[in-house]
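If you're matching positions, the sequence shown starts at 323 in this note's numbering and goes up one per residue. I have placed the structure first, in the form of structure tokens, so that the comments after it can refer back to it.
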Amino acid sequence: MKILFLACAALVIQLFLFLCTGSVVMRVRGKDEYSLSSALLLGYFTYFGIFEVICLLSEVFLLPLRTLTLIMALFAAGAIFLGLFTGYRNWIQSTNSLRYRLKLHGPVLIVVLFALAATVVFVLLYSDASADSGWYVGTSATALATNTIGRFDPSTGTKVLRFQARYALSCYPYHSAVICSLIKGLPVIVQARSVMSAINVLVSFIAVYYLGRVLFPDKAQKTGKVRSIKDRPGSVTRRRADLFTVTVFFLNVLSSTIYLPGIFLFDRSYEGKSLILNVVLVTVLAVSILLWRDEEEGTYPYRTLFWVMAAGVCFSASSLMALVLALSAILPAIAVRGKWNQLPGLIFGCFPVICWAAVYYLMQHGTIVLRTWR
323 MKILFLACAA LVIQLFLFLC TGSVVMRVRG KDEYSLSSAL LLGYFTYFGI FEVICLLSEV
383 FLLPLRTLTL IMALFAAGAI FLGLFTGYRN WIQSTNSLRY RLKLHGPVLI VVLFALAATV
443 VFVLLYSDAS ADSGWYVGTS ATALATNTIG RFDPSTGTKV LRFQARYALS CYPYHSAVIC
503 SLIKGLPVIV QARSVMSAIN VLVSFIAVYY LGRVLFPDKA QKTGKVRSIK DRPGSVTRRR
563 ADLFTVTVFF LNVLSSTIYL PGIFLFDRSY EGKSLILNVV LVTVLAVSIL LWRDEEEGTY
623 PYRTLFWVMA AGVCFSASSL MALVLALSAI LPAIAVRGKW NQLPGLIFGC FPVICWAAVY
683 YLMQHGTIVL RTWR
């Protein structure tokens, strides 16, 4: 019962932290139409992008895990404080308009929520004893037990003489170690395999829903008095996005090989590679479609792309796939319209992965050598 209580507390605290972080970012931008789901998704990316930088610097300078935990605790406290200050009015408005917004969605929303609940239950009950599962949990548990970051092999317990680029440059597993260091008594395996899996599934559904709204924008508002709730502004895009989310859910359910995203979502939701496939690539595609429509002005889409890429670097070395998708999807739009002034924005948005790829290449070829004991 104690572990269940701690797991629920960890779930709520982390979701609230992501929501507050996203609220702060949206307030700084000042342009976005506020929604709880958008703030949660943006905060999720922003948090892990910042965590990657802090954790990687702590790893390189051989700082103990408790120092990283203290830094992240201060960051979380600041994010929550600023989030409460900047977002509480929006939260109140969202709560007051909840009934109206539910009507805009229609009955398909019930199916979406059922699909979400079913997926969360499945990932919580699914048992996985694979080497990947052991590595993610072992990395977090080793860091917590030894008060170090990446200096011991989680498979054997032996000292690592130098950081390996494939593992050292993606710090996602250490997030679970930080959380378990803050919430005493919460087992690492529960945080890594259960709490984060549930959060990742929720964020994945939000990302797919966001992509659905981008793919199916609202129809032109009718003139005259609108009598039906279905004809209200925002209703059409919400209902289509809900249906799109349900369709993607069933496609994932029917996925039966390792090469489709359903396997990663249901069976490997604790892995960083799953987040690349089911969250990062989905959001990159949505941003690319917005830029193709030329509906977003300024640097806002590229700022979003920056945080998505930064989080992707934190999740897995597979973040290179996000770079390939962004370049192949956005570069043609820039070329077709001749808007070469947007090229610096694209480079800025992709900078985290470009920087990661350069460091990875140099480490793999021995140009950069980072020793773990010096």
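Glycine residues also receive a C-beta, built at the ideal position from the N, C-alpha and C atoms.
### Query
Of all the options MET323, LEU524, SER455 and VAL517, which has the alpha carbon lying nearest to the alpha carbon of LEU358?
LEU524
### Message
When you compare the stretch 477-488 with the stretch 364-376, are there three or more beta-carbon pairs, one atom per stretch, that lie closer than 8 Å?
### Response
Because the criterion of three Cβ pairs below 8 Å is not met, the stretch 477-488 and the stretch 364-376 do not touch.
### Task
Check PHE295 in the structure and name its three-state DSSP category.
Lying before the first or after the last residue shown, residue 295 is absent from the chain, which here runs from 323 to 696.
### Query
Among LEU576, LEU653 and ALA632, which has the Cα closest to the Cα of LEU613?
LEU653
### Task
Tell me ARG484's beta-bridge partners as DSSP assigns them.
In DSSP, ARG484 forms a bridge with ARG693.
### Query
Identify the residues that DSSP records as bridge partners of PHE474: which are they?
LYS481
### Message
Tell me which residues share the same chain as SER610 and place their Cβ nearer than 6 Å to its Cβ, disregarding the 5 neighbours each side in the sequence.
### Response
ALA651 and ILE652
### Task
State the start and end residues of the unbroken alpha helix (DSSP H) segment that holds ILE656.
642-659
#### Entry: Distance CB(ALA329)-CB(VAL517) smaller than 8 Å
yes
### Query
Are VAL346 and ALA401 close, meaning C-beta to C-beta below 8 Å?
yes
### Task
Taking GLY534 as the reference, give the member of HIS427, ILE505, LEU508 and THR461 with the closest Cα.
For the residues HIS427, ILE505, LEU508 and THR461, the minimum Cα distance to GLY534 belongs to HIS427.
### Task
Measure how close the beta-carbons of GLY472 and GLU381 come, nearest whole angstrom, since I'm counting them as under 8 Å.
5 Å
### Task
Specify the secondary structure class of PHE564 as computed by DSSP and reduced to three states.
The displayed chain sequence assigns Asp, not Phe, to residue 564. Helix, per DSSP.
#### Entry: Where CYS677 falls: helix, strand or coil (DSSP)
Here CYS677 sits in helix by DSSP.
### Task
Just tell me which of ARG590, GLY634 and ALA520 has its CA closest to the CA of VAL606.
GLY634
### Task
Output the boundary residues of the alpha helix (DSSP H) element that contains GLN336.
324-351
### Validate contact between the stretch 623-632 and the stretch 583-593 using beta carbons, cut 8 Å, 3 pairs
no
### Query
Just checking my contact of SER641 with VAL675 at CB under 8 Å: how many whole Å lie between their CB atoms?
Confirmed, about 5 Å.
### Message
Please report the distance separating the alpha-carbon of LYS544 from that of THR391.
### Response
Reliability of the predicted coordinates at LYS544 is poor, the pLDDT of 45 falling under 50, and the value obtained from them is presented with this limitation in mind. Rounded to the nearest angstrom, the two C-alpha atoms are 54 Å apart.
### Query
In three-state terms, what does DSSP make of THR545?
Reliability fails at THR545, whose pLDDT of 44 lies under 50, so the model's placement of it is uncertain and the value that follows must be treated cautiously. Coil at THR545, not helix or strand.
### Message
Comparing C-alpha positions only, which one of ILE432, GLN336, PHE538 and GLN415 sits nearest to HIS497?
### Response
GLN336
### Query
What's the gap between the Cα of THR730 and the Cα of LEU603?
Residue numbering for the chain in the displayed model covers 323 to 696; residue 730 lies beyond these limits and cannot be assessed.
### Message
Closest to LEU491 by C-alpha separation, out of VAL646, CYS502 and CYS377, would be which residue?
### Response
CYS377
### Query
Under 8 Å, do SER519 and TYR592 count as touching if we go by C-beta distance?
yes
### Unbroken stretches of the alpha helix (DSSP H), 4 residues or longer, contained in the stretch 485-540
487-490, 494-504 and 518-537
#### Entry: Neighbourhood of LEU339 by C-beta, 7 Å cutoff - its chain only, sequence neighbours within 5 removed
TYR369, ALA398, ALA401 and ILE402
### Query
Excluding sequence positions up to five away, which residues of its chain have a Cβ less than 7 Å from the Cβ of ALA317?
Beyond the ends of the chain as shown, which are 323 and 696, falls residue 317; an answer cannot be given.
### LEU387 vs SER503 beta-carbon contact at 8 Å
yes
### Message
At the level of alpha carbons, what is the spacing between PRO539 and ARG615?
### Response
11 Å
### Task
Ignore the nearest five residues each way along the sequence and tell me which others in ALA465's own chain have a CB closer than 7 Å to its CB.
LEU387, ILE471, TYR496 and ALA499
#### Entry: Counted within 10 angstroms of its Cβ, other Cβ atoms place ARG549 as buried (16 or more) or exposed
Its pLDDT being 47, under 50, ARG549 is placed unreliably in this model, and the coordinates cannot settle the point.
### Task
Count the other C-beta atoms from every protein chain shown that fall within 10 angstroms of the C-beta of LYS547, then say buried if there are 16 or more, exposed otherwise.
Only weak support is given to the placement of LYS547: the predicted model assigns it a pLDDT of 48, under 50, and the question is left unresolved by the model.
#### Entry: Through-space distance from PHE572 to GLY671, alpha-carbon basis
32 Å
### Message
Once the 5 residues before and after VAL442 are set aside, which same chain residues still bring their CB inside 6 Å of it?
### Response
ALA520 and VAL523
### Message
According to DSSP, is GLY620 part of a helix, a strand, or is it coil?
### Response
Bear in mind that the predicted position of GLY620 carries a pLDDT of just 47, short of 50, making it unreliable; the figure below should be weighed with that in mind. Looking at GLY620 - three-state DSSP - the assignment turns out to be coil, as it is neither helix nor strand.
### Message
Less than 8 Å between C-beta atoms, sequence neighbours within five positions excluded: which residues of the same chain meet that for ALA679?
### Response
LEU642 and LEU645
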